[in-house]
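J.: Respectively, the protein sequence lines represent chains A and B.
Quick note on UniProt numbering: the first sequence kicks off at 1 and runs consecutively.
Quick note on UniProt numbering: the second sequence kicks off at 1 and runs consecutively.
Cβ coordinates follow ideal geometry from the N, Cα and C atoms, glycine included.
Just so we're clear, the structure is a prediction, and the values are computed from it rather than from any experiment.
Number of protein chains: 2
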Amino acid sequence: MNNLISIKSATLSEDIAQQLTNAIVQGHIPQGSKISEPELAKQYGISRGPLREAIVKLEGLGLVTRTANVGARVIQLNTQDMLDTFTMREALEGMAARLAATTMPADEINNLYALLDKHQAHLDANQDEHYVQQGGNDDFHLRIIHASGNAKLIRLLTEELYAVIRMYRRHTSDQRSDPRQALREHKAILDAIANHEGDLAELLMRRHISRASKLLEQAMHQAASAASR
Amino acid sequence: MNNLISIKSATLSEDIAQQLTNAIVQGHIPQGSKISEPELAKQYGISRGPLREAIVKLEGLGLVTRTANVGARVIQLNTQDMLDTFTMREALEGMAARLAATTMPADEINNLYALLDKHQAHLDANQDEHYVQQGGNDDFHLRIIHASGNAKLIRLLTEELYAVIRMYRRHTSDQRSDPRQALREHKAILDAIANHEGDLAELLMRRHISRASKLLEQAMHQAASAASR
DNA sequence: AAACAACAAATTGTCGACAATATAACTTGA
DNA sequence: TCAAGTTATATTGTCGACAATTTGTTGTTT
């Protein structure tokens with residue numbers, strides 16, 4: 001049962017790693033569930049060799065935990081890990097914003113202003129709030145990260161951390177978040193970057209992420225208490 | 001040729017990953033060199049299966065880069081990557097120091113003061129400067145990281161980043177560094193933590209790492225110009 | 001009935017062999 | 001002599017099978 005369109009890639013191992021990542025982030029493989037090598041190998045129609053390499057990769061991404069001679073399990077989302085992850089994100093994206101304040105070229109700044117204007121228009125028309133919340137939000141953050149010019153930082157944030165972050169956001173329908181407030185904060189951050197105020201950009205980015213983290217925490221607690229009722 | 005004492009571990013793959021990490025960090029496998037799977041498998045007396053899993057793990061640690069159908073190469077140290085890495089470290093350890101300022105228990109603070117006193121004594125006796133520089137330095141930093149209480153941060157810094165950091169320090173004999181100055185800075189950081197001044201602790205830790213980074217940069221430039229002469 | 005021991009089944013870890021791809025060596029033509 | 005094309009070699013990617021370990025089951029004993 002090849003349940004996902006197979007993205008052509010150089011090697012089977014990469015393909016599977018990508019597909020497994022998506023499957024986990026989107027919840028097709030539920031959190032806390034065991035990864036059965038024979039079962040998955042049969043599902044994807046491959047042997048266990050490349051599958052195991054993919055699982056090792058996922059372990060590096062922090063999406064699964066492995067125990068010798070026992071196997072791999074999808075991570076179990078919980079509030080503490082979320083807070084820990086977002087604290088790291090705060091430090092790293094704060095630094096990215098600081099760097100971007102000195103390295104982001106003028107035209108890219110204008111592009112980002114245009115992006116925020118588009119978000120504003122979407123919100124004013126009261127259409128597609130969800131778009132601004134999800135894709136738009138990521139877009140803004142990713143482009144600041146890339147503007148940092150720090151290759152290591154870019155790789156860590158976009159390739160390693162963001163899988164888990166997206167997982168947390170997807171699994172907690174954060175209806176609490178106020179897109180208009182987020183947009184205001186984005187604008188303030190961009191202003192600081194445009195003015196080359198690194199200190200301020202870092203401070204604002206940290207606050208912005210910290211606030212998102214607190215909202216997520218509330219949502220998770222609410223979900224947890226609802227589940228236990 | 002089993003050239004390293006084999007550390008007993010649950011799985012061959014883990015063993016090999018550990019041994020390869022050491023071999024790379026200590027330069028037994030030179031930077032930029034190609035990783036030949038058949039050759040290494042023969043050297044360690046294992047098959048290519050677990051070896052490949054180990055290599056995938058090393059790729060996650062950023063110690064090797066892999067290209068499909070071509071193979072793995074040990075990373076090539078260069079100034080830009082070093083600066084990028086230390087910038088990340090600055091952000092992350094700065095955050096760790098901030099967190100430690102509110103979470104580190106009193107007795108652990110005392111332990112760290114005792115550690116610094118020991119370093120001071122070593123320096124005053126003019127003996128074993130090297131010890132203070134290498135092992136002692138890491139000790140201090142690692143214990144602050146652990147005191148942060150942030151499991152994700154601890155894992156990232158100690159298991160992923162520090163391999164590369166140690167590699168940079170080892171390959172550039174940083175005789176420039178002034179152990180006494182470093183010790184003063186350590187003391188100031190610890191004072192801030194003891195006083196629960198998170199802002200200050202973060203600021204000082206950042207400066208401390210930034211300074212180390214600049215010294216390393218000078219050492220690398222000097223080494224580079226000496227090599228081209 | 002509960003706890004423990006012995007056994008059975010299934011899963012993970014490891015291996016050697018084959019297929020696919022890339023690199024090196026060689027040949028041919030201008 | 002050099003360039004391009006072709007063959008040969010070596011290395012990586014993948015597979016199926018076996019060994020080692022864990023987990024689940026059954027049976028026995030107190």
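Contact defined as beta carbons within less than 8 Å: I believe residue 76(A) pairs with residue 31(A). What is the distance between those atoms, to the nearest angstrom?
T.: 5 Å
J.: Under 9 Å, CB to CB, which of the residues in the segment 76-89 of chain A have a partner in chain B?
T.: Contact annotation: in the segment 76-89 of chain A, residues whose CB is within less than 9 Å of a CB in chain B are 80, 81, 83, 84, 85, 87 and 88.
J.: With distance defined between alpha-carbon atoms, name the residue in 84(B), 145(B), 74(B) and 110(B) nearest to residue 95(B).
T.: Among 84(B), 145(B), 74(B) and 110(B), the Cα nearest to that of residue 95(B) is on 145(B).
J.: In this structure, how does DSSP classify residue 165(B) when only helix, strand and coil are distinguished?
T.: helix
J.: Could you pull out every residue in the same chain whose Cβ sits closer than 8 Å to the Cβ of residue 216(A), ignoring the five residues on either side in sequence?
T.: 82, 86, 168, 169, 172 and 174
J.: Using a Cβ-Cβ cut-off of 8 Å, state whether residue 142(A) counts as contacting chain B.
T.: Not an interface residue.
J.: Drop a sphere of 10 angstroms on the beta-carbon of residue 124(B), count the other beta-carbons inside from all chains shown, and report buried for 16 or more, exposed for fewer.
T.: exposed
J.: Alpha carbon to alpha carbon, how far is residue 44(A) from residue 52(B)?
T.: 21 Å
J.: With 8 Å as the threshold, decide whether the Cβ of residue 214(B) is near any Cβ in chain A.
T.: no
J.: Grab me the residues of residue 54(A)'s own chain with a C-beta within less than 7 Å of its C-beta, minus the 5 sequence neighbours each way, in chain order.
T.: 13, 16, 17 and 20.
J.: Which partner residues of residue 66(A) appear in the DSSP bridge assignment?
T.: 72(A)
J.: For residue 114(B) versus residue 201(B), is the C-beta spacing smaller than 8 Å?
T.: no
J.: Return the CA-CA distance between residue 160(A) and residue 160(B), expressed in angstroms with no decimal places.
T.: 12 Å
J.: Determine, using beta carbons only, whether residue 102(A) comes closer than 8 Å to chain B.
T.: For residue 102(A), not one C-beta of chain B is nearer than 8 Å to its own C-beta.
J.: If residue 183(A) sits next to residue 116(A), beta carbons under 8 Å apart, how far is it from one beta carbon to the other, in whole angstroms?
T.: 7 Å
J.: Please name the residue or residues paired with residue 34(A) in a DSSP beta bridge.
T.: In DSSP, residue 34(A) forms a bridge with 73(A).
J.: Return the chain-ordered list of same chain residues with a C-beta closer than 7 Å to the C-beta of residue 118(A), the five sequence neighbours on each side being excluded.
T.: Correct list: empty, nothing qualifies.
J.: Quick check on residue 26(B): does DSSP put it in helix, strand or coil?
T.: For residue 26(B), the secondary structure class from DSSP, reduced to helix, strand or coil, is coil.
J.: At least one CB of chain A closer than 8 Å to the CB of residue 34(B): is that the case?
T.: no
J.: Inspect the beta-carbon positions of residue 99(A) and residue 148(A) and report whether they are closer than 8 Å.
T.: Cβ distance < 8 Å, so residue 99(A) and residue 148(A) count as in contact.
J.: Going by the beta-carbon positions, is the gap between residue 90(A) and residue 180(A) smaller than 8 Å?
T.: no
J.: With DSSP as the reference, label residue 147(B) as helix, strand or coil.
T.: Note: residue 147(B) maps to helix in three-state DSSP.
J.: Just confirm the distance between the C-beta atoms of residue 93(B) and residue 193(B), as a whole number of angstroms; I'd bet it's less than 8 Å.
T.: Going by Cβ atoms, the distance from residue 93(B) to residue 193(B) rounds to 12 Å, so no, they are not a contact pair.
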